[in-house]
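And the structure:
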């Protein structure tokens, strides 16, 4: 599969994104069939940002595929300070078979992928969170039985999670609505790419400042924290601005009766979402978190597996993702 790296959902064709989901479903249904798929291979995991789900799912996922995960803390590398991205990439490519990096600036992952001859996986940047988006749409597929045609309403900050949700929705035929306060919209270049891809796939992406309009008739309501890592100084200001964007019972009631609630976690209960929503029967946040494991195993297998999964299925996905 091309490209060799998993830096952004934007880098793939719609068919390839569907293929990742198909492989994730296969792995989840029969994990034992892939227990030796990456035997003898090592994934270096570079963490410049702390994590629960990213650390555990990549670590466990690599073990379950028969490989070895190698955790590298900020103190051990300190990218761009103790050692350049180029030097880290050229060292690691001689010692391991893949790199996962969770960091701040998106250009660090782009540069790592450019410099390294081995696959590089984006575990999160300030601009993009592609592994999360794969898990998000895998969850929607499992619960709703389809992706194309779904109305997905994201309420909150137009951040990295919003970007990747938009990118994947545009690839898979979803109708994504983004409701943010004025001044907190997704990046303009991200919006431009999404609109161009939507024209090719029949998807759509709509921006609004009204959370009720976004939530009205939605199949999926999604939110994220109001203050991300690195923005702690803005916490008080953001709490005031985003208060009308809280996903509570009233706002969730604007969605379809069978709508589901998603959150990439961690959740700040009482801020962006209330307990009555996140703990309701319509909440699938923990299934969504689990699906990080299966989605990332699919990514690792495809990039590092050297033909472990049949490439012919790229042409004709077995899963019905469209109407």
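In the working numbering, the protein residues as written are 208 to 530. The C-beta atom is built at its ideal place from N, Cα and C for all residues, glycine as well.
#1: Taking DSSP's pairing of strands, which residues face residue 276 in a bridge?
#2: Output the boundary residues of the beta strand (DSSP E) element that contains residue 358.
#3: Between the stretch 392-404 and the stretch 482-499, do at least 3 Cβ pairs fall closer than 8 Å?
#4: At what residues does the alpha helix (DSSP H) containing residue 412 begin and finish?
#5: Whole-angstrom Cβ separation of residue 244 and residue 273, contact assumed at under 8 Å?
#6: Run through DSSP, which three-state label would residue 303 get?
#7: Starting from residue 470, follow the beta strand (DSSP E) in both directions and report where the run begins and ends.
#8: I want to know whether the stretch 370-390 touches the stretch 456-467 - three or more CB-CB distances under 8 Å.
#9: Kindly indicate which residue of 512, 480, 511 and 469 has the alpha-carbon position closest to the one of residue 498.
#10: Between which two residues does the alpha helix (DSSP H) harbouring residue 226 extend?
#11: How long is the line joining the alpha carbons of residue 266 and residue 253, rounded to whole angstroms?
#12: What does DSSP give as the partner residue(s) for residue 386 in the beta ladder?
#13: Grab me the residues of residue 291's own chain with a C-beta within less than 7 Å of its C-beta, minus the 5 sequence neighbours each way, in chain order.
#14: Is the stretch 332-341 in contact with the stretch 349-365, if contact means three or more CB pairs nearer than 8 Å?
#15: Which residues bound the beta strand (DSSP E) around residue 330?
#16: Could you tell me whether the Cβ atoms of residue 506 and residue 335 are closer together than 9 Å?
#17: Counting only the same chain and skipping the five closest in sequence on each side, list residues whose C-beta sits under 7 Å from that of residue 238.
#18: When we look at the beta-carbon of residue 346 and count the other beta-carbons within 10 Å, is it buried (16 or more) or exposed?
#19: Go to residue 401, then tell me how far its alpha helix (DSSP H) extends in each direction, as first and last residue.
#20: Residue 231: which of 259, 250 and 343 sits nearest, CA to CA?
#21: When the Cα of residue 323 is compared with those of 226, 211 and 268, which residue comes out closest?
#22: Compute the Euclidean distance between the alpha carbons of residue 496 and residue 218, then round it to the nearest angstrom.
#23: Nearest to residue 172 by alpha carbon, out of 221, 268, 393 and 367?
#24: Compute the Euclidean distance between the alpha carbons of residue 286 and residue 461, then round it to the nearest angstrom.
#25: Any idea if residue 443 is buried or exposed, counting beta-carbon neighbours within 10 angstroms, 16 or more meaning buried?
#26: Can you tell me whether residue 523 is buried or exposed? The criterion is at least 16 other CB atoms within 10 Å of its CB, across all chains shown.
#27: Take residue 477 as the anchor and find which of 311, 493, 452 and 377 has the nearest alpha-carbon.
#28: Taking all protein chains shown into account, do 16 or more other C-beta atoms lie within 10 angstroms of the C-beta of residue 259, making it buried, or fewer, making it exposed?
#29: In the DSSP assignment, the alpha helix (DSSP H) including residue 344 goes from what residue to what residue?
#30: Answer with yes or no whether the minimum CB distance from residue 487 to chain C is below 9 Å.
Walking through what the data contain:
#1: Reading the chain shown from its first residue, position 69 is the one you call residue 276. According to DSSP, residue 276 bridges with 250.
#2: The count along the chain shown starts at 1 and reaches residue 358 at position 151. 358-362 is the span of the beta strand (DSSP E), which, as asked, contains residue 358.
#3: Using a Cβ-Cβ distance cut-off of 8 Å, the stretch 392-404 and the stretch 482-499 are not in contact, since fewer than three pairs of beta carbons, one from each stretch, lie closer than that value.
#4: Position 205 of the chain shown holds residue 412. Here residue 412 belongs to no alpha helix (DSSP H); instead the beta strand (DSSP E) covers 411-415.
#5: The residue you call residue 244 lines up with position 37 of the chain shown. The residue you call residue 273 lines up with position 66 of the chain shown. Indeed they touch by this definition, with Cβ atoms about 6 Å apart.
#6: Counted from its first residue, the chain shown places residue 303 at position 96. DSSP places residue 303 in coil when its eight states are reduced to three.
#7: Reading the chain shown from its first residue, position 263 is the one you call residue 470. That run of the beta strand (DSSP E) goes 467-470.
#8: Contact between the stretch 370-390 and the stretch 456-467 is absent: fewer than three C-beta pairs spanning the two stretches fall below 8 Å.
#9: The residue you call residue 498 lines up with position 291 of the chain shown. Comparing Cα positions, the closest option is 469.
#10: As a first step, residue 226 must be located in the chain shown, where it is residue number 19. Start and end: 221-236.
#11: In the chain shown, counting from the first residue as 1, residue 266 sits at position 59. In the chain shown, counting from the first residue as 1, residue 253 sits at position 46. Rounded to whole angstroms, residue 266 to residue 253 spans 12 Å at the Cα level.
#12: In the chain shown, residue 386 corresponds to position 179, counting from 1. Paired residues: 362 and 415.
#13: Position 84 of the chain shown, counted from the first residue, corresponds to residue 291. For residue 291, there are no CB contacts under 7 Å within the same chain when 5 residues up- and downstream are skipped.
#14: In short, these stretches do not touch, since the Cβ pair count stays below three.
#15: As a working mapping, residue 330 is identified with position 123 in the chain shown. Taken as a continuous stretch (DSSP letters only), the beta strand (DSSP E) holding residue 330 covers 327-331.
#16: Here residue 506 refers to the residue found at position 299 of the chain shown. Here residue 335 refers to the residue found at position 128 of the chain shown. Using a Cβ distance threshold of 9 Å, residue 506 and residue 335 do not count as a contacting pair.
#17: Position 31 of the chain shown holds residue 238. Correct list, in chain order: 271.
#18: Within the chain shown, residue 346 is the residue found at index 139, counting from 1. By the 10 Å Cβ count, residue 346 comes out buried.
#19: For the purposes of this step, residue 401 is taken as the residue at position 194 of the chain shown. Start and end: 395-408.
#20: On the chain shown, position 24 is the one that residue 231 refers to. Distance check between residue 231 and each of 259, 250 and 343 places 343 closest, using alpha-carbon atoms only.
#21: As a first step, residue 323 is located in the chain shown; it is residue number 116 there, counting from the start. Nearest C-alpha to residue 323: 211.
#22: Within the chain shown, residue 496 is the residue found at index 289, counting from 1. Within the chain shown, residue 218 is the residue found at index 11, counting from 1. Answer to the nearest angstrom: the Cα atoms are 24 Å apart.
#23: For the chain, the structure presents residues 208 to 530; residue 172 sits outside this window and is missing.
#24: Counted from its first residue, the chain shown places residue 286 at position 79. Counted from its first residue, the chain shown places residue 461 at position 254. Between the C-alpha atoms of residue 286 and residue 461 there is a straight-line separation of about 45 Å.
#25: Indexing the chain shown from 1 puts residue 443 at position 236. By the 10 Å Cβ count, residue 443 comes out exposed.
#26: Stepping through the chain shown from its first residue, residue 523 is reached at position 316. The predicted model places residue 523 with a pLDDT of 43, which falls under 50 and marks its position as unreliable, so this point remains unresolved.
#27: Within the chain shown, the letter at position 270 stands for residue 477. Among 311, 493, 452 and 377, the Cα nearest to that of residue 477 belongs to 452.
#28: Sequence index remark: in the chain shown, residue 259 carries index 52 (1-based). With a 10 Å radius around the Cβ and a threshold of 16 neighbouring Cβ atoms, residue 259 comes out exposed.
#29: Within the chain shown, the letter at position 137 stands for residue 344. Where residue 344 is concerned, the enclosing alpha helix (DSSP H) starts and stops at 337-351.
#30: Absent from the structure is chain C; it holds one protein chain and no more.
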